[in-house]
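Below: one structure, written as structure tokens.
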Amino acid sequence: MDSLKAPDEVAFMTSSRPTDLMIKCMASFVEDGDYVYHGLDSALPVLAMVYAARYLRRDFTWHSVAEPFTPDPSRVVLRPSTGDPSLEPESLGFLTTIDAFDVAAKGRMDLMFFGAAQVDEEGNINLTAIGSYERPKVKLPGGAATAYLFPLVRKIVVWARHERRVLVPRVDFVTGSGRARIERGLKHYLCTNRALIEFTREGPVLRAVLSGFTIDDVLQGSSMRIIVPGHVDTITPLSDEELRVIDQADPEGLRYEEGYG
Numbered sequence: 030m031d032s033l034k035a036p037d038e039v040a041f042m043t044s045s046r047p048t049d050l051m052i053k054c055m056a057s058f059v060e061d062g063d064y065v066y067h068g069l070d071s072a073l074p075v076l077a078m079v080y081a082a083r084y085l086r087r088d089f090t091w092h093s094v095a096e097p098f099t100p101d102p103s104r105v106v107l108r109p110s111t112g113d114p115s116l117e118p119e120s121l122g123f124l125t126t127i128d129a130f131d132v133a134a135k136g137r138m139d140l141m142f143f144g145a146a147q148v149d150e151e152g153n154i155n156l157t158a159i160g161s162y163e164r165p166k167v168k169l170p171g172g173a174a175t176a177y178l179f180p181l182v183r184k185i186v187v188w189a190r191h192e193r194r195v196l197v198p199r200v201d202f203v204t205g206s207g208r209a210r211i212e213r214g215l216k217h218y219l220c221t222n223r224a225l226i227e228f229t230r231e232g233p234v235l236r237a238v239l240s241g242f243t244i245d246d247v248l249q250g251s252s253m254r255i256i257v258p259g260h261v262d263t264i265t266p267l268s269d270e271e272l273r274v275i276d277q278a279d280p281e282g283l284r285y286e287e288g289y290g
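In terms of this note's numbering, the sequence shown opens at residue 30 and continues consecutively.
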């Protein structure tokens with residue numbers, strides 16, 4: 030969490046775009062020695078892992094659904110699909126997705142990132158359907174292995190849009206159970222394009238606000254109840270060096286096509 034502010038803060042900041050601040054937020058959870066995994070449609074997690082390796086100098090094991098194992102972070106260049114094996118070159122080898130599930134089952138997967146169409150006050154996420162499961166208003170892509178992995182990974186960081194229809198009191202369908210994670214004492218966080226929220230036994234707690242937003246912006250943009258503690262951090266704009274690291278991995282600016290700002 031200490032990386033929410035740059036290690037060597039400089040006077041001239043170059044990016045306060047919410048997308049870049051989300052990447053910085055997500056990267057702050059990568060610790061030395063972690064086994065970190067990302068799945069499909071994960072542009073922001075890929076860039077967060079690059080940022081963690083190259084800017085924060087974190088020493089961690091990198092694995093993904095594309096199956097390269099521990100690629101060279103300086104050679105990673107974002108592609109339209111994060112399932113493209115060429116995205117993560119110069120790897121030590123390949124490890125299948127089935128092997129990743131085995132790693133998680135043994136309690137050795139430390140951090141994973143999940144997107145969500147809905148997130149609720151218990152930290153449950155919905156990737157299945159909006160409306161009833163039997164007669165959905167919108168059928169979503171599905172959770173793949175979300176239900177299996179959610180109770181196993183030590184730290185989970187969900188990323189989502191900060192909108193009232195996304196941050197809800199109760200999801201329409203529980204694809205991944207945040208409640209099960211909280212009951213087991215596992216770490217569970219949400220990075221949005223306005224804030225960082227931690228899910229606790231007491232409920233969702235506001236831990237930080239992205240630069241350019243206020244606590245009121247966070248509360249008004251959510252229909253879930255959010256607890257505001259006495260101290261709330263600010264995720265500061267990116268410096269030249271921070272932005273350069275991300276831009277080198279995403280020269281086409283594909284991350285901005287996600288629509289987070």
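We put the beta carbon where it would ideally sit given N, CA and C, even for glycine. Source: prediction; values computed, not measured.
For residue i, tell me which candidate among the options has the shortest Cα-Cα distance.
i    : options                : result
P102 : E117, S93, Y289, Q249  : E117
H92  : I211, V79, L156        : V79
V195 : P165, F89, L272, N153  : N153
I211 : R190, H191, A189, V234 : V234
A95  : Y84, R108, R87, E270   : R108
G288 : A189, E270, I226       : A189
T204 : F143, P280, L283       : F143
D279 : T126, V75, G232        : V75
F58  : S206, A81, F98         : A81
R83  : D276, E281, V132, E286 : D276
E227 : I255, E271, M138       : I255
V65  : G136, E271, R46        : G136
N89  : L140, M253, D61        : This sequence places Phe at residue 89; Asn is not what is there. F89 has its Cα closest to that of D61, out of L140, M253, D61.
P180 : R223, K166, A134       : A134
G232 : G207, R87, V167        : G207
C54  : E271, T229, T175       : E271
M253 : V274, R193, R230       : R193
T263 : G282, Y285, R236       : R236
What first and last residue would you give for the alpha helix (DSSP H) that runs through residue i?
i    : result
R254 : From DSSP, R254 is part of no alpha helix (DSSP H); its letter is neither H nor E.
T126 : 126-134
P109 : Where P109 is concerned, there is no enclosing alpha helix (DSSP H), given that its DSSP letter is neither H nor E.
A224 : Per DSSP, A224 belongs to no alpha helix (DSSP H); it is in the beta strand (DSSP E), 224-229.
A95  : Careful: A95 lies outside any alpha helix (DSSP H) and carries neither H nor E.
L178 : 175-178
P47  : 47-56
G160 : G160 -> not in any alpha helix (DSSP H); beta strand (DSSP E) instead, spanning 158-160.
Let me know if residue i comes out buried or exposed under the rule of 16 or more other beta-carbons within 10 Å of its beta-carbon.
i    : result
F123 : exposed
Y177 : exposed
A77  : buried
D31  : Its pLDDT being 49, under 50, D31 is placed unreliably in this model, and the coordinates cannot settle the point.
D128 : exposed
L239 : buried
D37  : Confidence at D37 is low in this model, with a pLDDT of 41, below 50, so the placement of that residue should be treated as unreliable; the coordinate-derived value is given next. Exposed is the call here.
P145 : With the sequence shown as reference, residue 145 is identified as Ala, and Pro is not the correct amino acid for it. So A145 ends up on the buried side.
L302 : A query on residue 302 cannot be resolved here, the shown segment of the chain reaching from 30 to 290 and no further.
P100 : buried
D269 : exposed
G172 : buried
V39  : For V39, the pLDDT reaches just 37, beneath the cut-off of 50, and the residue's location in the model is therefore unreliable, although a value from the coordinates is still provided. By the 10 Å Cβ count, V39 comes out exposed.
R86  : exposed
F41  : Note that F41 scores a pLDDT of 44, beneath 50, so its modelled location is shaky; the value from the coordinates is reported in the next line. Under this definition F41 is an exposed residue.
V167 : exposed
Provide the residue span of the beta strand (DSSP E) that contains residue i, from first to last.
i    : result
R236 : 232-239
T263 : 262-264
L219 : 216-221
L76  : That residue, L76, is in no beta strand (DSSP E); its alpha helix (DSSP H) goes 72-83.
M141 : 140-144
What whole-angstrom Cβ distance do residue i and residue j have, given they're in contact under 8 Å?
i    : j    : result
G290 : R46  : 6 Å
A139 : D63  : The sequence given here has Asp at residue 139, not Ala. Right, the Cβ-Cβ distance comes to about 4 Å (below 8 Å), so this counts as a contact.
L156 : P165 : Not quite, the Cβ-Cβ distance comes to about 12 Å (not below 8 Å), so this is no contact.
Checklist entry - Would you call the region 143-157 and the region 192-202 in contact, with 3 or more CB pairs under 8 Å? => result yes
Checklist entry - Given 8 Å as the limit, is there contact between the region 100-115 and the region 159-172, that is, 3 or more CB pairs closer than that? => result no
Checklist entry - For the 8 Å Cβ check, are there 3 or more pairs between the region 67-81 and the region 250-262? => result no
Checklist entry - Touching or not, the region 47-55 and the region 245-256, by the rule of three or more beta carbon pairs under 8 Å? => result no
Checklist entry - Just checking, does the region 212-220 make contact with the region 170-190 on the three C-beta pairs under 8 Å criterion? => result yes
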